[in-house]
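See structure below.
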Amino acid sequence: MNPELWVVAGVSLIAVGGLFFYMLRLEGRVRDLENRE
Amino acid sequence: MNSQTKKPNAGGVALWKWLLLPLMGSVAVLSYTWAGALPEFQSPETARIIFWHVPHAILSMIWFFTAGFFSLRLLKNGDLKDDTRAEKAAEVGLVLTVLATITGAVFSKMQWAGGLNSPWYEGYWQWDPKQTAILIVILIFFAYFGLRSSVDEAHRRARLCAVYAVIGAVLVPVLYYTLPHLPIFSSVHPTKVISTREGMSPEYRTVFWMSTLGFLGFSLWSYQMQVRFAFVAERILARRENAGAEVRVEAVRRPVTES
Numbered sequence: 090m091n092p093e094l095w096v097v098a099g100v101s102l103i104a105v106g107g108l109f110f111y112m113l114r115l116e117g118r119v120r121d122l123e124n125r126e
Numbered sequence: 024m025n026s027q028t029k030k031p032n033a034g035g036v037a038l039w040k041w042l043l044l045p046l047m048g049s050v051a052v053l054s055y056t057w058a059g060a061l062p063e064f065q066s067p068e069t070a071r072i073i074f075w076h077v078p079h080a081i082l083s084m085i086w087f088f089t090a091g092f093f094s095l096r097l098l099k100n101g102d103l104k105d106d107t108r109a110e111k112a113a114e115v116g117l118v119l120t121v122l123a124t125i126t127g128a129v130f131s132k133m134q135w136a137g138g139l140n141s142p143w144y145e146g147y148w149q150w151d152p153k154q155t156a157i158l159i160v161i162l163i164f165f166a167y168f169g170l171r172s173s174v175d176e177a178h179r180r181a182r183l184c185a186v187y188a189v190i191g192a193v194l195v196p197v198l199y200y201t202l203p204h205l206p207i208f209s210s211v212h213p214t215k216v217i218s219t220r221e222g223m224s225p226e227y228r229t230v231f232w233m234s235t236l237g238f239l240g241f242s243l244w245s246y247q248m249q250v251r252f253a254f255v256a257e258r259i260l261a262r263r264e265n266a267g268a269e270v271r272v273e274a275v276r277r278p279v280t281e282s
């Protein structure tokens, strides 16, 4: 496979991982707020 | 709800949310490794944008329908929580529509405008009927949020926006599917790529639906977070207003009781 495609796949993987961990952090914050209420 | 009787939410993150990481991770890798180029496209390698562009467009419509559904429910029962749900669904739909437009613009440059052989600033916008239609959808729902911010009274705002959102939700499939396929418009958008068996190879089809499922999960998660946050914020504001009212009542009563 073209090495450039591996680079693009890696960037996509990082983007997906970043989105996932951002959502996880957001979930934690909302739960904190609900518990503190 | 009384804060003394409310149980703290100590539960972990739901399993379906954890599954999004391997699912979308697989999409990111498989779309460039397992699903090959599509030779029938002008730029076969960049046909992979389908895995990102088309799910956004499909899901945006689903979220606008969701906004329409909650708006109809609000018109029926008058519950302001349905107004919040409709607003958040429309927000998720709008974000997905903007993403579909951006990825579509890149697709347009790569497939219809010579790709990287053309000047860097050319080819993103063709005024193709579907591009124009998605732009109109964006404007319709930007106007929805404009309407929301222009009415102060909550019940009136909710009813007005609900009627608007229902009309918007009805217009979306007309704009996405019916208008661009009318004979008076000539669209360069490929048709029957998703809807027919010949449109995509089995590998492409598998990765495409994995991607759609993954983005559905992420958008549902985002919607859920926004609604939960909005409900908490509403409860906090209501409590503050109640506390403020009690202080004002106390301030009026005090001179009477003291005399």
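Just so you know, the protein sequences line up as chains A and B, in that order.
Position one of the first sequence corresponds to residue 90 (this note's numbering), numbered consecutively onward.
Position one of the second sequence corresponds to residue 24 (this note's numbering), numbered consecutively onward.
Just so it is clear, CB atoms sit at the ideal spot from N, CA and C, and this is done for glycine as well.
query: Own chain, CB closer than 7 Å to VAL270(B), minus 5 neighbours either side, in chain order; result: none
query: Cross-chain neighbours of GLY48(B) in chain A, by beta carbon under 8 Å; result: LEU102, VAL105, GLY106
query: Contact check, SER242(B) vs TRP75(B), beta carbons under 8 Å; result: no
query: C-beta neighbour in chain A for TYR246(B), strict 8 Å; result: no
query: Exposure label - GLY127(B); buried when at least 16 CB within 10 Å; result: buried
query: Distance CB(CYS184(B))-CB(LEU162(B)) smaller than 8 Å; result: no
query: Status (buried if at least 16 other CB within 10 Å, exposed otherwise) for ILE207(B); result: exposed
query: Alpha-carbon spacing of TRP95(A) relative to SER66(B), whole angstroms; result: 18 Å
query: Test: ILE217(B) CB closer than 8 Å to a CB of chain A; result: no
query: Closer than 8 Å to chain A by CB, ILE161(B); result: no
query: Extent of the continuous alpha helix (DSSP H) run through ALA128(B); result: 103–135
query: Every unbroken alpha helix (DSSP H) within the stretch 158–224 of chain B, with a cutoff of 4 residues, ordered by chain; result: 177–196
query: Span of the alpha helix (DSSP H) around ASP121(A); result: 92–125
query: Rounded separation between TRP39(B) and THR69(B) - CA only; result: 30 Å
query: Segment contact, 8 Å Cβ cut-off, at least three pairs: the stretch 116–126 of chain B with the stretch 150–169 of chain B; result: yes
query: Neighbour-count burial assignment, GLU145(B), 16 or more Cβ in a 10 Å radius; result: exposed
query: For VAL36(B), three-class secondary structure by DSSP; result: coil
query: Beta-carbon proximity of ALA113(B) to ALA90(B), cut-off 8 Å; result: yes
query: Beta-carbon gap between ALA80(B) and TYR227(B) smaller than 8 Å; result: no
query: Closer than 8 Å to chain A by CB, ARG15(B); result: In the structure as shown, chain B begins at 24 and stops at 282. Residue 15(B) is therefore absent and cannot be evaluated.
query: Within-8 Å CB hit, MET112(A) to chain B; result: yes
query: PRO203(B) versus SER210(B): straight-line alpha-carbon distance, rounded; result: 7 Å
query: Inter-residue spacing [alpha-carbon to alpha-carbon] between ALA261(B) and ILE125(B); result: 39 Å
query: Contact set between the stretch 59–71 of chain B and chain A, restricted to residues whose Cβ is under 7 Å from the partner; result: none
query: Residue span of the alpha helix (DSSP H) that contains PRO78(B), given as start and end; result: 73–100
query: Buried versus exposed, by CB contacts within 10 Å (16 or more), VAL195(B); result: buried
query: Chain-ordered neighbours of VAL211(B) on chain A, where CB pairs are closer than 8 Å; result: What VAL211(B) touches in chain A: nothing, since even the nearest Cβ is about 25 Å away.
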